[in-house]
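In this note's numbering, the protein residues as written are -7 to 1093.
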């Protein structure tokens, strides 16, 4: 049956029934409007750190975020509850009201949104629901309620605050252990939307199984650091009355799993079906029937009722069959049935197919804002209940599992994957068949599988690789490939314009220096290439004149070639605005410039579903005939949106992609711009036009500096020594300056502490350089300054914390407005205003994710903010009304969100401990957003900026135009920097020593063998080719808890696959099995050659 998911605000002492210890420093709670207002209105928590909450009047800060109350305190007079969780729903009230009375005695999973541990939401615990109270029955659009529970009802809670405090005290970087102890919602994200959601027993079981892994991770941490127990139960504990049971949480979770698995409901979907048919008493009737053993009778009543119901166009007999023979066995809600019916009517899913193969609910249902679809685990559990002779090898079941795996990988950006990635997700899901069986069933049922998944076998390098791609993604790729090849097949266009005419259009300055001449020559060549080739790419860093080339190209195509239907489409409103301004400057009219989203939604509204964001097939005669299509900021366009666009258009003359090939890949799956670039490199290099020389002097230095992130190893080191000559050590910080003549263009500040103060000083310095004293005029109204961070909430210099600091604590806010900023989630007038960014696509309003602007005012009647967007495609409207859950503060934004935008002045904040998270494309993208001035603040060490080699482009797995890169299977490939005697590159001196000894002794070996990753899902350090035995080698060269735990995980995988683990130190007395993993450590290297010789003798035996 049903359980809940509830959201609470972050608390720095573990929701212990008291105010935060340091309420001024806990900013993560302030994303909640009611907490923020009460925090700064009453100031109770600010004035009473660690004060008891339970006796304060209702409505004060934290009163409705209480979790665990101290034994001697109560929430309200006469009460005896020890915990309360608030929930307030503003949408989809219909879905919740049907079930809310019946979750008493069930469970709620508790999570936080903004938090210092992850950019995603994080699960913090689970409790048994004692009572739901204070429901607001009167308001049809809002549903408020609170969940009460007793101390013994706590299934588990995770000691994150204690963990963070311990790491700070011990000078440990807690981010090193996050994969071990942080319960990121990642694979369950569909259920963690809004303030509250509903989950089935099966989903709760899966969440609890993951919770077991997290608690085991904490136990491993405690084994390494036993002092941590003092922070849980001793004198340093925040909530010892809760954490005294920490050792019992694992058993409690297992008991709840047993309880959930033992719940016997034959027809759990029966009340939902009855409710859907109009009986609002359905749930009370159902539970009464269950208690009196009359569940079967209630089902028969439903059956009789449906049999009497006459068939009509809206209620066919097949739908009756679905309700009677399927839905009653499924843990659905009436709202879910309504959505299924709606999608059947829209043609997204076939009712006949559902009846034949219910697993299609996993594969074909479309998600929307308030509907997350169904997971494989859910539908699979329902089918096991429904079908008497359940076949675990049902080919449709196998297919749905594969589709679920590929959908999960799609969310990580991968469009095509190997068996290695498939196995990693398969192991996470956990089903009742082995991976070997799974692959065998895929091969055996090829015809059924290929209806949803395309499987290809290819020889890539020396490896035979099986590649998996979802069919709809493959269709998008087919359309892209077909469009590109169709344009390539067209005869090249003859030039109708001279070089002199092109140069005249390009030149807007009377410069004669060598760089300017070279830049103009490159631009002339670029225009010529794009005119001659039917499909072309224009690439280059910011400031090299891409927009100038495009406007010149458009003018020539209109004036010299007579082409009228010219469209320039962009992924962001800001880039569209820049192009419109450039065309206006050059007096070029009648060119349609808009975002891709607007083009599809506007031109193909008959085929586009706004609720589910689905574009149906556009027939040939309905396609938009376009003479010239230019796609700006192409690196941001994902595979799905590009495929959708090409399904809509018929391009007559020219297709041009514009962008920087070295930037970050799209937020969504694929990297089509990069793949098309590589394809054209192979088949028509002349179609690629490169611009390399920035025209602004400031941009030259910024572009030169950005190039270091495209370099590896020694080349980067030499370039850095050349650039970072001017160094100053001042007040516990290092400052590096890069100048253009006397003018300081780039400042790199390495800061040990007081990071936000350093940020404030940097802003002040940039204001001074621009002779400005009004931050809001400069950075907000004129949009001349932006701050970028790699993360939203991780690390001290994350965008969330920076935003709150600037709007509430910085010197830039006039005192008379400071309280207004603190009391309101967003605020704006003509003097001060919050800079904001839109976070959701609203197609009907013409506003899209990523659009930036500022708060114009708040409309009390509409209860919405009037936002003045910088790049509104509807130029006639002065502002747009949006609700507060559609926008975020944007004084600082993440680097990913900055793609497609440029700013005169940029400050980049780089927190420590994010080297594995930050990529070289991320840093390159951040640096190249600056047009005139770049200031970088790096926490703790310059190494956190310059020693980043991880590549998101290389790691993203795609196969558009057969571009699958075998090296993408090797994690952090760029770290291979040390050359062995045999000539390959390895990661460490220890590995070099091993490789060189193998080579010396004549042992054939393979370093980081891809073949083993494809079989096992893990990558060994070496594979030794010795006789008929499979000998893998792992070298444990790092001594850290994080590293050791990862190695233990690998060892478990090896054992599961039948490998015997042998430590090199024990090789003298070892007996080799057919499959062996040898483990060495740095200590073994003192006598490693002798040990390897013993291994050779054992192989001969």
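Using N, Cα and C, we set each Cβ at its ideal position, and we do this for glycine too.
| query | result |
| --- | --- |
| Report yes if the C-beta distance between residue 871 and residue 848 is below 9 angstroms; otherwise report no. | yes |
| Look up residue 1018 in the DSSP assignment and say whether it is helix, strand or coil. | strand |
| Which two residues bound the contiguous alpha helix (DSSP H) that contains residue 705? | 705 to 715 |
| Could you pull out every residue in the same chain whose Cβ sits closer than 8 angstroms to the Cβ of residue 38, ignoring the five residues on either side in sequence? | 15, 16, 31, 32 |
| Straight-line CA distance for residue 988 to residue 971? | 10 angstroms |
| I'd like the span of the beta strand (DSSP E) that includes residue 1053, first residue to last. | 1052 to 1055 |
| Here's a check: name, in chain order, each residue in its chain whose Cβ is nearer than 6 angstroms to the Cβ of residue 910, leaving out the five neighbours to either side. | 782, 940 |
| Helix or strand or just coil, what does DSSP make of residue 586? | strand |
| What residue does the beta strand (DSSP E) around residue 830 start on, and which one ends it? | 827 to 830 |
| Quick one: give me the first and last residue of the beta strand (DSSP E) that residue 3 is part of. | Where residue 3 is concerned, there is no enclosing beta strand (DSSP E), given that its DSSP letter is neither H nor E. |
| Based on the DSSP output, what are the partners of residue 37 in its beta bridges? | Paired residues: none, contrary to the question. |
| Within a Cβ cutoff of 8 angstroms, which residues of the same chain sit near residue 636, ignoring the five residues on either side of it in sequence? | 468, 592, 607 |
| Compare the Cα-Cα distances from residue 156 to each of 169, 145, 574, 666 and report the closest residue. | 169 |
| Near residue 708, which residues of its chain fall below 6 angstroms by C-beta distance, leaving aside the five closest residues on each side in sequence? | 700 |
| Quick test of your reading: residue 863 and residue 568, contact by CB under 8 angstroms. State the CB separation rounded to the nearest angstrom. | 6 angstroms |
| State the DSSP-derived secondary structure class of residue 1087, mapped to helix, strand or coil. | helix |
| Within this structure, are the beta carbons of residue 1119 and residue 536 separated by less than 9 angstroms? | The shown model of the chain, from -7 to 1093, leaves out residue 1119, and the question about it has no answer. |
| Got a sec? Which residues, its chain only, sit under 7 angstroms from residue 1074 by beta carbon, not counting five neighbours each side? | 982, 1029 |
| Could you tell me whether the stretch 229 to 248 touches the stretch 264 to 277, where touching means 3 or more Cβ pairs closer than 8 angstroms? | no |
| Spatial neighbours of residue 209 within its chain, please: CB distance less than 6 angstroms, with the 5 preceding and 5 following residues excluded, ordered by chain position. | 172, 173 |
| Between residue 554 and the rest of its own chain, which residues show a CB-CB distance below 6 angstroms, the 5 nearest in sequence each way excluded? | none |
| Near residue 732, which residues of its chain fall below 8 angstroms by C-beta distance, leaving aside the five closest residues on each side in sequence? | 689, 690, 692, 693 |
| Since residue 101 and residue 196 are thought to touch, with beta carbons under 8 angstroms apart, how far apart are those beta carbons, to the nearest angstrom? | 7 angstroms |
| State the Cα-Cα distance for the pair residue 435 and residue 275, rounded to the nearest angstrom. | 45 angstroms |
| Looking at residue 590: is its Cβ nearer than 9 angstroms to the Cβ of residue 854? | no |
| Which residue or residues does DSSP assign as beta-bridge partners of residue 999? | 1014 |
| Can you look up residue 272 in the DSSP assignment and give me helix, strand or coil? | coil |
| Going by DSSP in three states, residue 171 sits in which element: helix, strand or coil? | helix |
| If you reduce the DSSP assignment to three classes, tell me which class residue 731 lands in. | strand |
| Against chain C, does residue 1056 count as a neighbour if the rule is that its beta carbon must be under 9 angstroms from one of theirs? | Absent from the structure: chain C. Only one protein chain is present. |
| Does residue 138 come out as helix, strand or coil in the three-state DSSP assignment? | strand |
| For residue 971, which three-state DSSP category applies? | strand |
| Along the chain, where does the beta strand (DSSP E) containing residue 859 start, and where does it finish? | 856 to 861 |
| If we count the other Cβ atoms within 10 Å of its Cβ and call it buried at 16 or more, is residue 385 buried or exposed? | exposed |
| From residue 1080 to residue 1039, what distance separates their C-alpha atoms? | 20 angstroms |
| I'd like to confirm the pairing. Which residues does DSSP put opposite residue 176 in its beta bridges? | 114 |
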